[in-house]
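Heads up, the thing below is written out as structure tokens.
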Amino acid sequence: MGFASTLYSHFNLPTSYSHFLPSKSKFGLKTPNALLSYASSPSKKMPYHKNVPPFSSSKRFLVLPSVSGIWNTIIGAGGSSQEALLAIRRGMLLFRQGDVPGSLVEFDRAIELDPRQKAYLWQRGLTLYYLDRFEEGAEQFRIDVAQNPNDTEESIWCFLCEAQLYGVDEARRRFLEASQCLLGTVGRDPRPVMRESYDMFKDGGDPEKLVSAFLLGKEHEFFYASLYAGLYYESQVYSCNPSLLKFM
Numbered sequence: 001m002g003f004a005s006t007l008y009s010h011f012n013l014p015t016s017y018s019h020f021l022p023s024k025s026k027f028g029l030k031t032p033n034a035l036l037s038y039a040s041s042p043s044k045k046m047p048y049h050k051n052v053p054p055f056s057s058s059k060r061f062l063v064l065p066s067v068s069g070i071w072n073t074i075i076g077a078g079g080s081s082q083e084a085l086l087a088i089r090r091g092m093l094l095f096r097q098g099d100v101p102g103s104l105v106e107f108d109r110a111i112e113l114d115p116r117q118k119a120y121l122w123q124r125g126l127t128l129y130y131l132d133r134f135e136e137g138a139e140q141f142r143i144d145v146a147q148n149p150n151d152t153e154e155s156i157w158c159f160l161c162e163a164q165l166y167g168v169d170e171a172r173r174r175f176l177e178a179s180q181c182l183l184g185t186v187g188r189d190p191r192p193v194m195r196e197s198y199d200m201f202k203d204g205g206d207p208e209k210l211v212s213a214f215l216l217g218k219e220h221e222f223f224y225a226s227l228y229a230g231l232y233y234e235s236q237v238y239s240c241n242p243s244l245l246k247f248m
């Protein structure tokens, strides 16, 4: 188990990306706008269920003060490492505000200050995806998968990057190849919605069935089913006709 997964399991924080995605961006996100925030209270824009408990579906709180304090202790953070963590915080905030290029500057600065951060910077992978820098995004997610193989989301985002580069069929071949390489080290994702989402990308399932399966489930399950169904459709449309993506 990689350091990130150990840290998150220690704090019992759910792993997810949605709190990091911006609610509004000049880049025109192709996924649902009303995404969960990593603020300390439920987002008023949450479209499906209103009374979402704080932090109910946001696991990856590397930037929480209590967590970052433990992080500093374990990695022996000196001045440069602490500055790197501050750069990551700034990058996440800028992304959420819609300044995607600015967020990349901060994430790259964090790596310059402390190269060890790159192995855990899934946030940088999302930024690269939304800047259409798919090759670099795929590389970032593969590095993260190697450190945290129990989390299926990095694998899915790597697929999404490679689908833009090579098409869905080649992306799926690479997806399966990577899964075979990690066989024996990849654990079972404890989240049913992510297991089903992972299988959909791996096997080419039906996004409508995924959403229907969690329609009456928990708030975050329905949200993530909808999110990954939308991302799946996006990868298919772009692969068939990249020019259609501007209409999404």
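Sequential numbering of the sequence shown, starting at 1, is according to full-length UniProt numbering. C-beta atoms are modelled at their ideal positions from N, C-alpha and C, and glycine is treated no differently.
For residue i, the three-state DSSP class (helix, strand or coil)
| i | result |
| --- | --- |
| residue 109 | helix |
| residue 123 | helix |
| residue 236 | helix |
| residue 175 | helix |
| residue 117 | helix |
| residue 169 | helix |
| residue 37 | Per-residue confidence for residue 37 stands at a pLDDT of 34, beneath the threshold of 50, marking its modelled position as unreliable; the derived number appears in the next sentence. It is coil, neither helix nor strand. |
| residue 82 | helix |
| residue 258 | Any question about residue 258 goes unanswered here, given that the chain covers just 1 to 248. |
| residue 230 | helix |
| residue 131 | coil |
| residue 102 | helix |
| residue 51 | Only weak support is given to the placement of residue 51: the predicted model assigns it a pLDDT of 41, under 50, and the value that follows is read from those uncertain coordinates. Coil. |
| residue 164 | helix |
| residue 32 | No answer about residue 32 holds up, because its pLDDT of 33 lies below 50 and its placement is not dependable. |
Residue range of the unbroken alpha helix (DSSP H) whose run includes residue i
| i | result |
| --- | --- |
| residue 142 | 134 to 147 |
| residue 195 | 192 to 203 |
| residue 272 | Since the displayed the chain opens at 1 and closes at 248, residue 272 lies outside it and no answer follows. |
CB of residue i within 7 Å of CB of residue j, strictly
| i | j | result |
| --- | --- | --- |
| residue 121 | residue 80 | no |
| residue 210 | residue 229 | yes |
| residue 91 | residue 106 | yes |
| residue 117 | residue 84 | yes |
| residue 88 | residue 110 | yes |
| residue 127 | residue 95 | yes |
| residue 171 | residue 147 | no |
| residue 160 | residue 235 | yes |
| residue 193 | residue 163 | no |
| residue 152 | residue 189 | yes |
| residue 214 | residue 221 | yes |
Short CB-CB distance (under 7 Å) between residue i and chain B
| i | result |
| --- | --- |
| residue 237 | This model lacks chain B altogether, as it is built from one protein chain only. |
Taking three-plus beta-carbon pairs below 8 Å as touching, is the stretch 82 to 102 in contact with the stretch 119 to 136?
yes
Check whether the stretch 194 to 201 touches the stretch 155 to 165, taking contact to mean three or more Cβ pairs, one atom from each stretch, closer than 8 Å.
yes
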